[in-house]
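Following the numbering used here, the numbering of the sequence shown begins with 55 at its first residue and continues without gaps.
Working notes, structure below.
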Amino acid sequence: MNSSITPLVTNSPEYNSVSANFRTQFQRTLPKIHSILKIKMSNQFMNRFENFKKQKMNYSKLLLYHGTKYSCNIKDLKSTEMLCSHLKCGVCGIIKNGPKLTMANNNGNG
């Protein structure tokens, strides 16, 4: 199976849960939430992740958030086969290739 993307519907229970948890992560100014996308990664990526978890004895699960830029109209995509190829489109890059530390920064502009 390929990766899949689903925009969460504003004010749905899942959207409200994710946005409420996200907001608890900030002590000062809250960033504006433009949209929340649920990404189900490919089986190949998930198998690599499961193998990684097995190698870590003290593995603990954290709920983390990632804000990124996009160059396409990601909310209108019907399938991952329609992902763009723009180098600066972080959303499509993550869906196609998984998260890459080489593309990350910690200044909120990634």
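For every residue, glycine included, the Cβ atom is placed at its ideal position computed from N, Cα and C.
Straight-line Cα distance separating residue j from residue i
i	j	result
residue 138	residue 60	16 Å
residue 73	residue 153	21 Å
residue 104	residue 98	10 Å
residue 58	residue 100	13 Å
residue 125	residue 83	25 Å
residue 96	residue 112	25 Å
residue 63	residue 76	16 Å
residue 108	residue 81	34 Å
residue 94	residue 85	24 Å
residue 11	residue 56	Because the chain in this structure spans residues 55 to 164, residue 11 falls outside the shown range and cannot be described.
residue 71	residue 136	28 Å
residue 150	residue 106	20 Å
residue 162	residue 102	Unreliable positioning characterises residue 162 in this predicted model, as indicated by a pLDDT of 48, which lies under 50. The coordinate reading is nonetheless provided below. So the alpha carbons of these two residues sit roughly 27 Å apart.
residue 116	residue 92	16 Å
residue 146	residue 156	16 Å
residue 140	residue 114	34 Å
Reference residue i; option with closest CA among the options
i	options	result
residue 143	122, 86, 156	122
residue 87	95, 150, 65	65
residue 68	115, 106, 83, 90	90
residue 120	78, 56, 102, 148	148
residue 118	56, 79, 150	79
Cutoff 9 Å: residue i Cβ touching any chain C Cβ
i	result
residue 65	Among the protein chains of the structure shown there is no chain C, as only one such chain exists.
Reduced DSSP category for residue i - H, G, I as helix; E, B as strand; rest coil
i	result
residue 184	Because residue 184 is not part of the residues shown, which for the chain are 55 to 164, the question remains open.
residue 114	coil
residue 58	strand
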